[in-house]
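Just so we're aligned, residue 155 is where the sequence shown starts under our numbering, counting upward by one.
Just so you know, even glycine gets a beta-carbon here, dropped at the ideal spot from N, CA and C.
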Amino acid sequence: MKVGTRMNIHQLIFWLLYVVWLGMEFIVIMHARRLRKKQSGSSTKADKGSIWFIVIGMYILIAIAFFLSVQGLGLMPGWVPYLGNVIMAFGIFMRYGAITQLGRFFSTTVQVASDQTVIHSGWYRLVRHPAYTGGWLIAVGLGVGLDTWIGTLIIAVGLFAIYAYRISVEEQALVAHLGTAYRDYRRHTWRMFPGAW
């Protein structure tokens, strides 16, 4: 993405989506904080620092992509960055749809409410962690939108590794709390990507 030139339609949409994403994350964090206060003492926590792994890791990866983009490293054909906007928009739709569906059971840390149940509907029919799939798509779309295939690859691989760690921590807690119900659910769903993982 060229710096110092007049914004085209792709760049305008890109920055709009970027601001929407950051705004939605802020709202989600504030909402999760309020829920955590209400659920104090009625849940089990097993985060193992994974929330900081996600936050710090994601923003380092995105900063690298921004740097590569400004340096003009790994440029792609002119139409490809527009595809990045589509990927980002779909990721936003998926992530916040999944978070909304979880409702009061959503938490930014690995935290299982005492009355939590397994959700089988919506995105959760296909994958067990659609909010992470959405987050991954947002970040990958951002890399594509920044017009750097090197940055996109770094984000895709790095964030996948981060989410894989988080999912292993989260599923240990869910199996420990929900038992057979969650084990059965795992047998017929994928973690993040239907048909792949």
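In the structure shown, the three-state DSSP call for A350 is coil. Among the bridge pairs identified by DSSP, V281 is matched with W344.
Under the 10 Å beta carbon count, H342 is surrounded by fewer than 16 other beta carbons and is classified as exposed. Cβ neighbours of Y236 within its own chain (closer than 7 Å, five residues either side excluded): H164. G333 and L166 have their alpha carbons spaced roughly 47 Å apart. In this structure, the alpha-carbon of Y213 lies about 20 Å from that of M248. With fewer than 16 other Cβ atoms inside 10 Å of its own Cβ, G232 counts as exposed.
Annotation: Q265 is outside any alpha helix (DSSP H); the continuous beta strand (DSSP E) that includes it extends over 265–267. The shortest C-alpha to C-alpha distance from W351 to any of S322, L328, A335 is the one to S322. Burial check for V173: the Cβ neighbour count within 10 Å stays below 16, so the residue is exposed. Contact between W277 and Q255 holds: their C-beta atoms lie close to 7 Å from each other, under 8 Å. Annotation: the continuous alpha helix (DSSP H) that includes F314 extends over 303–332.
In this chain, the alpha helix (DSSP H) harbouring G245 covers 234–256.
A Cβ-Cβ contact shorter than 7 Å links F260 with I253.
Counting C-beta atoms within 10 angstroms of its own C-beta, T302 has 16 or more neighbours from the protein chains shown and is therefore classed as buried. Around the beta carbon of M184, a 10 Å sphere encloses fewer than 16 other beta carbons of the protein chains shown; the residue is thus reported as exposed. Three or more Cβ pairs closer than 8 Å define a contact, and the stretch 202–222 falls short of that threshold against the stretch 270–285.
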